[in-house]
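Report on one structure; see the data block that follows.
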Amino acid sequence: MDLFLQLLVNGFINGSNYALLGIGFGLIFSTTGIVHFAYGSVYTFAAYVAWFLATSFGLALLPSMAGAIVAAIVLGVACYTLLYRPLELRRAPPLIPLIASLGLNIVLENLNAIIFGSGVRSANFTSGVYFAGPVFFTSVHIWQVVSCAVVVAALVLFLRKTRYGRAILAMTDDPNMARVVGIDTKKVSYIVFALGSAISAVAATLTLMKDGASTHMGFTAVFMGFVAVIVGGVGSLRGVIAGGLLLGIVESLGLWKISTEWQSSIAFIVLFIMIMLRPQGLFSIARR
Amino acid sequence: MSKPILEVKGLVAGYGKKRAVHGVDLTLNKGETLLVLGHNGAGKTTLMQSVFGLNPPMAGQVFYEGRDVTARNPALNVAGGLAFVPQGHAIFSSLTVRDNLELGAFVETDRPRIQKHLDDVFSMFPILKEREKQIAGTFSGGQKQMLAIGMALMHGPRVLILDEPSIGLAPNLVDRVMKSVEEIKRRFDASIIIVEQNVKYSLPVADRVVVLKTGGVIYEGDPEPLLDHQKLIELF
Amino acid sequence: MEYIYHIAVLFCLYGILTVSFNLLVGFTGMFALSHAALYAIGAYTTAILATDFGAPFPLDMIASVLVAAVISAVIALPALRVTGHYLVIVSLALQIIVLQVILNWKSLTRGSDGISGVPSYNVFGFAITSPDCFLIVALIALAACYWFTHRLVRSPFGRGLRAMRENESAAQAVGLNILYMKLSTFAISAALAAVAGSLFARYFRYVGVDSFTINETIYVLAMVILGGMGNLRGSLVGAAILVALPELLKFVPLPVDIADKIRLILYGLVLMLILLVRPQGLLPEPRGRKAMLVSIEDESGPSDAEKLLDGEGGRKGEVVLQGSNLRKQFSGVTAIKDFSIALKRGQITGLLGPNGAGKTTAFNLLTGFLKPTDGVITLNGRSIADRKPHELVAAGVARSFQDLRLFTNMTVIENVIVALPGQSGRRWPSLFLHPARIRAEERANAARAMEILRFVELENKAHETAADLSYAEEKLLVVARLLATGAEVLLFDEPMSGLDQTTLGDIFPVLRRLAEHGKVVCIIEHNLDVIKELCDEVYFLDEGRTMAVGTPDALMNDPELAERYFK
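Structure representation (structure tokens):
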């Protein structure tokens, strides 16, 4: 029973990180329709920048995270400006940005590896261990859950209360109608690339704190984000959060019955089953 | 003779290499309701999307208030006082009625003016006020159409283009929607283009009629002669 | 020298991979990015059989091919339910799952250690261990795979694949069996990848999961896209360039791990740049006359419509296709409430009604694209309730689409040939069993297609790409393609909309002649001139019901219907 509780809590904590990734990735996907696969590399880059700031300048967690956010925004917006935007202007068929982003991902992933070296890089942010009854967790865990909550709250406020927040909702719902009411869809695309990348940097810094940064961390991350989006339903914030948490919990509880070497496959199998059975997700938004 | 507010000259439009509109001239005078009739495939929608800037024309020009606005970004057109209500349920179906209306006023930053327009829209379509918090996708067809028109009015347009507002609506609702046109003119001081294949309810509200067929204008003038079905069968 | 041979062997392996991958992504348009996993399955099967069971060539390769083909077909069944982005992501997930299985099934695959000591090929006691000897084997394999794929894509089967890529529902509407084509392509593409895998195991004498990661799939994808999707020679060019390019890095003094990463960066850059600058690739898909499988002489002469349309037996006026009391309900909405129609030989029947009356839904029911909730549809008196669209085309019922759905990236004549009935080359095994027959059929079909184009007066545009036609020409091509199916019942969804008066004048006689020659013609139309000019009988539909049936004049003089139509 204690093990079950512990796994549940672990799953919830990991799930909040997946939810974060899903929110950032899903924001870009649902608004622009671009499957930004290189999101994974932006995330990795952010983790390395945070590591660099923390180890070379001795910055604390929050300032390092702030630096990572700035770096991620610059790289994410550059991805859109240099690759996706030109493809949009050429009216490339919808699959082309995805294929191009696979190429972009390889380029960025290996650039990351050349710049920061391969192998795990970890930063020693201060960390404590806590117990709640039989369940154990660390301050990283608390950070993860809290940041997820903070990001969600901030994003909800932004989407509901600001002009461009509502423009994002509008474009997610129907890009053509967004143009009809006079929304500059190009500007909105830049905004979501910036926001999505910023969110990836939050998740990246926390993963750095927990497991360290490594070259291939981005690939799993973007897949987890995608799975969270698919499970939750494209365009639904609530759905993505539920999807991320569910994924984390399923993965963690899977450990109970399934041997560890299969753990990394669980997400892909979940993805496979979801797309087969319910491609619209569990919480798909109301469409016509 | 009143002044033209929107003029279309020799407009050619289509998609890719395909032309659906072959050189159309249109004039909308200030304060007028112009009815553009035509059956499916006559090129009505392509024409209007082209005028509005959603699909830049291949040739020809569009003048709005005397300025050349050919192929202008729709965002600028909306800011300049044009509004377009596309065919079908042109609303954001995952958002609430209130959010939809607020988005209709996206280009307007002056809060008091938005409030005034909102009040006007609410008094024209009280159902929208009653259902302010409802998700728009759950509306019936008629309610969606009212919302779509309401959205287009939220930034106080001087020219309103309605693309087949009657499509898929029961006759009494069509009547209701068409009657709102008079009120829009009065409250918003807007000039209106209605694109339709529905003749019965749209003719009475029109000041002038243009009939399009296979991408060209085949009739232009008063609505009265068209009240005769025989005349229509000839034209259609 | 040894080094050059080694590079050449690599080129052969990648050549096989690109050619087989191009079949899937280029010709068929299915971006299933799990090619490296199938490559791995081929390599592992050979490695296990040769190492643990001493299986000799060619048993090992045959086993690899079969295992990969079967696994791919099994994978394809669920994967076929999704398209576009979802297919890409699902297949990437599958790629990872397959590698995980290989990694974790230690008893069979030795997990992360990989299988080493795979025996090399042995010909009459002579072991092929050096790259130069192996190169001969690899070249033969590449040539065989290239030849096989070339046969496949330059055939009625391959033309069907491209048609399916352009528009799936239109491909069904010309009688192609989508499921058969997709499954075949998945299996064949995998089988060829397995040939490369089998060679890999015998050449390197070691297999490990690191050689078959997602990066490998993307690497091969970059080669295919660089060379040109839908062009086999391009694939070889793409493979050659991307195999050779990184080798140049060897001349730059760099630490090994950096050089390796720069190699990957190069692939990624090439992939992005080609998509930005030249998305059709270095060697684009053949167009114009080059797209033809046989050359045809342009004998010009008057169209022989009698010859084209003869063979329609039966009595004028007899009912051929009949729908009785049809009802169609979509989740909650009843699109068709009660619709009955009888289409008669030698007649043009019109379907008239305001927007949203259910006309297109009625067409979908009559042609098998939708199944009725209630009601009976009979063809020559026999029920056709459970037939799929492509089966109905073969039985003699074909339709066009309101939004045309031409195969836009194919030439005009290809659009017509692909629709011709009775092509034995649509089944790929016959391409290899009866090549002569297929060739003869192809000649006859090309001539027949030209005849049909002459009938609609498009013969001068035969070798132009359909996307370059004017709107009116597109409409004529729609008629030609429908005619090519050889069906006796032809249903046209708004064949005239958007045409100007003069073009209408061109299409009228075509439709009339079809009816005169005993075809059963039904058109959906809004233009009342067209109805009056063309139709013998008109069904007036509104709110999902047949409101009236009669001659065009009778219907148009009915004030109630006029009221409804002009609402």
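Protein chains in written order, with our numbering: chain A, 5 to 292; chain B, 76 to 311; chain C, 438 to 1004.
Here a beta-carbon is modelled for each residue, glycine too, at the ideal position from N, C-alpha and C.
Residue i to residue j span [Cα, whole Å]
i               : j              : result
N14 (chain A)   : A627 (chain C) : 40 Å
G987 (chain C)  : A884 (chain C) : 40 Å
E911 (chain C)  : S198 (chain B) : 49 Å
V967 (chain C)  : R950 (chain C) : 15 Å
E901 (chain C)  : R724 (chain C) : 8 Å
Y22 (chain A)   : G243 (chain A) : 12 Å
R918 (chain C)  : L708 (chain C) : 37 Å
V274 (chain B)  : V111 (chain B) : 10 Å
F563 (chain C)  : Q717 (chain C) : 45 Å
S621 (chain C)  : K687 (chain C) : 41 Å
E295 (chain B)  : G135 (chain B) : 19 Å
A117 (chain A)  : Y43 (chain A)  : 16 Å
S60 (chain A)   : L496 (chain C) : 59 Å
A290 (chain A)  : A211 (chain B) : The pLDDT assigned to A290 (chain A) is 38, lower than 50, so where the model puts this residue is not dependable; a value taken from the coordinates is nonetheless given after this. If I take the Cα positions, the gap works out to 9 Å.
A245 (chain B)  : L210 (chain A) : 57 Å
T36 (chain A)   : G247 (chain A) : 21 Å
V657 (chain C)  : A676 (chain C) : 8 Å
T48 (chain A)   : D215 (chain A) : 13 Å
V234 (chain B)  : L807 (chain C) : 43 Å
L460 (chain C)  : L112 (chain A) : 29 Å
R1001 (chain C) : D775 (chain C) : 18 Å
Check whether residue i and residue j have beta carbons under 8 Å apart
i              : j              : result
I189 (chain B) : M229 (chain B) : yes
A127 (chain A) : A82 (chain A)  : no
T488 (chain C) : P556 (chain C) : yes
G667 (chain C) : G805 (chain C) : no
I166 (chain B) : N175 (chain B) : yes
G521 (chain C) : S501 (chain C) : no
I269 (chain B) : V256 (chain B) : yes
L281 (chain A) : G19 (chain A)  : no
V206 (chain A) : I73 (chain A)  : yes
I662 (chain C) : I711 (chain C) : yes
A213 (chain A) : F129 (chain A) : The residue you asked about is not Ala; residue 213 (chain A) is Met in the sequence shown. In this structure, F129 (chain A) lies closer than 8 Å to M213 (chain A) by Cβ.
I27 (chain A)  : L159 (chain A) : yes
L616 (chain C) : G665 (chain C) : no
A952 (chain C) : G783 (chain C) : yes
V446 (chain C) : F571 (chain C) : yes
V226 (chain A) : F29 (chain A)  : yes
For residue i, the three-state DSSP class (helix, strand or coil)
i              : result
Y52 (chain A)  : helix
V456 (chain C) : helix
A290 (chain A) : Model confidence at A290 (chain A) stands at a pLDDT of 38, short of 50, so the residue's coordinates are unreliable; what they give is reported in the following sentence. Note: A290 (chain A) maps to coil in three-state DSSP.
D297 (chain B) : coil
G98 (chain B)  : strand
S266 (chain B) : strand
V185 (chain A) : coil
V446 (chain C) : helix
N104 (chain B) : strand
Q10 (chain A)  : helix
E271 (chain B) : strand
V130 (chain A) : Position check: residue 130 (chain A) holds Thr in this sequence, whereas Val was assumed. The answer is coil: DSSP assigns T130 (chain A) none of H, G, I, E or B.
K765 (chain C) : strand
K109 (chain B) : For clarity, residue 109 (chain B) is Leu in the given sequence; the question names Lys instead. It is a strand residue.
Per DSSP, the bridge partner or partners of residue i
i              : result
L758 (chain C) : C:L780 and C:L816
F138 (chain B) : B:E82 and B:D143
T171 (chain B) : B:I210
I960 (chain C) : C:G787 and C:F929
Exercise. Of all the beta strand (DSSP E) runs that stay within the bounds of the stretch 963-1002 of chain C, which reach a length of 3 or more residues?
Worked result: 974-979 and 982-987
For this session: Just list the alpha helix (DSSP H) runs in the stretch 239-286 of chain A, keeping only unbroken ones of 4 residues or longer that don't cross its boundaries, in chain order.
Result: 241-261 and 267-281
For this session: Could you name each continuous alpha helix (DSSP H) segment of 4 residues or more that falls completely within the stretch 496-574 of chain C, going from the start of the chain to the end?
Result: 496-516, 521-541 and 543-546
Problem set entry | Those runs of the alpha helix (DSSP H) which lie wholly inside the stretch 565-634 of chain C and span at least 4 residues | 568-590, 593-603 and 605-610
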